[in-house]
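Student:
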Amino acid sequence: MEFFKALFSSGGFQPHGFCYQWNTGLVWLNVLSDLLITLAYFAIPVIMLRFIRKRRDLPFSWMFALFGVFIVACGTTHLMEVWNLWHAQYWLAGAIKAITAAASILTAGLLVRILPQAAQLPSTQQWREASAELTAANKELEAFSYSVSHDLRAPLRSIDGFSLALLEDYSEKLDDEGKKHLERVRAATQRMGALIDDLLNLSRVTRASMHVEKVDVSAVAAEVIESLQKTQPERRVEIRVEPGLQATVDPHLLRIVLENLLGNAWKFTSKRALACIEFGKTSGNGRAAFFVRDDGAGFDPAYADRLFGAFQRLHSVSEFPGTGIGLATVQRIIHRHGGRVWAESSAGQGATFYFTLTKLGS
Amino acid sequence: MVGKVILLVEDNPDDEALTVRALKKNNIINEIAVVRDGVEALDYLFGEGVHAGRDVSMVPQVILLDLKLPKLDGLGVLRRLRADPRTKLLPVVLLTSSNEEEDLLNGYGLGANSYVRKPVDFDQFKEAIRQLSLYWLVLNEPPPARRS
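In order, the protein sequence lines correspond to chains G and X. Take 1 as the starting number for the first sequence in my numbering and just add one per residue. Take 363 as the starting number for the second sequence in my numbering and just add one per residue.
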């Protein structure tokens with residue numbers, strides 16, 4: 001109590017105006033200057049706060065907050081200067097200065113500590129150079145894909161076409177073994193054609209511009225399943241699609257994701273007399289995720305980390321056909337949407353593929 | 363169908379042989395004129411250069427145009443054809459390896475009538491040629507010949 005009394009009492013001192021002998025010019029020069037400094041010092045943190053709010057990715061944003069405190073404290077000391085001209089509460093003025101001093105020292109000390117890290121932040125110039133390099137690399141990739149698309153398939157057409165020409169025109173000169181060899185040549189050629197196409201699609205998924213909109217994910221899933229059923233109408237598959245699921249997503253890319261995941265479910269349940277494929281949304285682990293579940297061949301969880309790599313396959317081509325590009329494509333699309341994709345399974349027990357999209361709809 | 367010429371613009375001799383083979387396998391007996399680059403394609407159509415003196419009133423029923431060609435590429439040929447009143451309405455089918463979005467957009471943008479990607483599998487290629495020739499040589503009504 002005594003402490004506060006002392007803090008707010010003038011303690012018998014004369015107000016500061018006496019030092020200026022109440023010279024009107026001198027007093028007002030000091031008052032106006034101190035008030036303007038105060039105004040500026042109070043405004044700066046407000047501006048900085050708005051800046052931090054707009055740039056959430058800013059490094060060392062806590063440093064800006066500390067700067068704010070330090071500047072507000074400085075402003076208050078100047079406001080106190082004005083007050084002290086007429087009111088001799090010098091203990092209060094001193095206390096405010098002490099707080100300012102502490103904030104200033106703390107700011108200075110922390111500045112020294114983060115200096116090496118801050119110096120490593122890339123400059124705008126460096127960003128520009130890096131982004132120019134990236135653009136150049138992308139252009140090169142595009143030129144490469146274009147060339148692959150045009151030039152790499154042409155020789156395959158010749159190999160396949162002339163192998164077939166041999167089989168058709170010279171069949172009486174070829175024995176069964178020779179014909180079988182040629183059939184193998186053709187099969188390998190067509191497989192390479194499929195690999196090239198899938199690889200091009202994978203790179204296209206990365207290059208395509210994204211247009212997100214609200215999409216009825218359940219409807220897309222149902223359409224994809226319907227077209228799968230048309231390819232093999234004789235198969236008995238129980239389908240469960242949770243209705244009304246929505247997401248804000250690029251509709252074209254979402255379809256590719258579902259075609260791959262549901263296509264895989266369809267493929268890996270092909271050896272079951274009655275299969276079950278399910279699409280829905282779960283909120284396990286506190287995070288909402290879409291999932292595609294099947295009761296097919298599944299995979300050994302020991303190799304789960306290899307699932308999403310390009311050309312990685314956990315089954316032989318003779319067991320289940322495929323190029324090993326599908327899940328790599330899925331992962332790229334999900335990453336472009338800021339989401340995550342993962343899978344759970346044990347061999348022979350079916351598999352569940354989960355994926356999230358940052359902008360999950362209601 | 364006699365007198366209806368198919369103009370094939372193709373620089374790759376293998377692709378030329380395979381396309382001709384596919385046409386024969388589908389019993390297409392039309393004359394197939396083959397030119398091997400973009401400039402020769404224009405010379406053929408306008409009766410210039412190596413094809414100087416050709417009767418240009420004999421216009422092909424359809425052009426099968428590859429995109430990647432020496433000298434002048436397929437899109438360049440298409441641009442020139444569409445800019446000339448003699449060939450403005452000529453049916454042009456782009457028959458090419460790529461299905462790059464860029465090629466499709468440019469092709470249709472310059473006024474191609476059709477875009478067909480050559481499949482690797484020759485059985486599929488043969489089927490594509492069968493449908494193409496059935497459509498462009500039999501089903502489709504060509505633009506009437508200009509009389510000057």
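For every residue, glycine included, the Cβ atom is placed at its ideal position computed from N, Cα and C.
List the endpoints of the continuous beta strand (DSSP E) containing G350 of chain G.
Tutor: Per DSSP, G350 of chain G belongs to no beta strand (DSSP E) and is neither H nor E.
Student: Quick check: the segment 188-204 of chain G against the segment 230-240 of chain G, are at least 3 beta-carbon pairs closer than 8 Å?
Tutor: no
Student: Using a Cβ-Cβ cutoff of less than 8 Å, which residues in the same chain neighbour W240 of chain G once the five nearest sequence positions on both sides are dropped?
Tutor: The sequence given here places Arg at residue 240 of chain G; Trp does not occur at that position. So the qualifying residues of the chain are C276, I277, E278, F279, G280.
Student: Checking 8 Å against the spacing of the C-beta atoms, do L156 of chain G and V482 of chain X come in under that value?
Tutor: yes
Student: For A265 of chain G, does the count of other Cβ atoms within 10 angstroms reach 16, so buried, or fall short, so exposed?
Tutor: Counting Cβ neighbours within 10 Å, A265 of chain G comes out buried, since at least 16 surround it.
Student: What are the boundary residues of the alpha helix (DSSP H) that includes I196 of chain G?
Tutor: For I196 of chain G, the enclosing alpha helix (DSSP H) starts and ends at 176-207.
Student: So who's on the other strand from T458 of chain X, going by DSSP bridges?
Tutor: X:R479
Student: Within the continuous beta strand (DSSP E) that includes C276 of chain G, where are the two ends?
Tutor: From DSSP, the beta strand (DSSP E) with C276 of chain G extends over 274-282.
Student: Under 7 Å, CB to CB, which of the residues in the segment 139-165 of chain G have a partner in chain X?
Tutor: Y146, S149, H150, R153, A154, L156, R157, S158, D160, G161, L164, A165
Student: Can you tell me the Cα-Cα spacing of Y41 of chain G and I71 of chain G, whole angstroms?
Tutor: Looking at the two C-alpha atoms, the distance is approximately 6 Å.
Student: Roughly how many angstroms separate the alpha carbons of F311 of chain G and G324 of chain G, rounded to a whole number?
Tutor: 4 Å
Student: List the whole-angstrom C-beta distance separating T458 of chain X from L407 of chain X, where the pair is believed to meet the contact cut-off of C-beta under 8 Å.
Tutor: Rounded, the Cβ-Cβ distance is 19 Å, inconsistent with contact.
Student: Starting from the N-terminal side, write out each stretch of the alpha helix (DSSP H) that is 4 residues or longer and does not extend beyond the segment 399-462 of chain X.
Tutor: 400-408, 436-445
Student: Determine which residues share a DSSP beta bridge with W342 of chain G and list them.
Tutor: Here W342 of chain G is bridged, per DSSP, to G:Y354.
Student: Which of the three DSSP states, helix, strand or coil, is assigned to E259 of chain G?
Tutor: The three-state secondary structure of E259 of chain G, taken from DSSP, is helix.
Student: What is the DSSP secondary structure of T381 of chain X, reduced to helix, strand or coil?
Tutor: helix
Student: Which same chain residues, not among the five before or five after K359 of chain G, have their C-beta less than 6 Å away from its C-beta?
Tutor: Legend: pLDDT at K359 of chain G = 49, less than 50; position of this residue unreliable, no value from coordinates given.
Student: What is the DSSP secondary structure of L370 of chain X, reduced to helix, strand or coil?
Tutor: strand
Student: E238 of chain G by DSSP, collapsed to three states: which one?
Tutor: In the three-state reduction of the DSSP assignment, E238 of chain G falls in the strand class.
Student: Relative to the C-alpha of V371 of chain X, which candidate in X:I391, X:V401, X:I394, X:L426 has its C-alpha closest?
Tutor: X:L426
Student: Is it right to say E172 of chain G is buried, meaning 16 or more other beta carbons lie within 10 angstroms of its own, or is it exposed?
Tutor: By the 10 Å Cβ count, E172 of chain G comes out exposed.
Student: By the three-class DSSP mapping on this structure, what secondary structure does E393 of chain X have?
Tutor: Coil, per DSSP.
Student: For G438 of chain X, which residues from the same chain have a beta carbon less than 8 Å from its beta carbon, with the 5 sequence-adjacent residues on both sides left out?
Tutor: Take G438 of chain X, set aside five residues on each side of it, and the residues of its chain with a beta-carbon closer than 8 Å to its own are G400, in chain order.
Student: For G369 of chain G, return the contacting residues in chain X, with the cut-off set at a CB-CB distance below 9 Å.
Tutor: For chain G, the structure presents residues 1 to 362; residue 369 of chain G sits outside this window and is missing.
Student: Name, please, each residue of chain X whose Cβ falls closer than 9 Å to the Cβ of T189 of chain G.
Tutor: V482, D483
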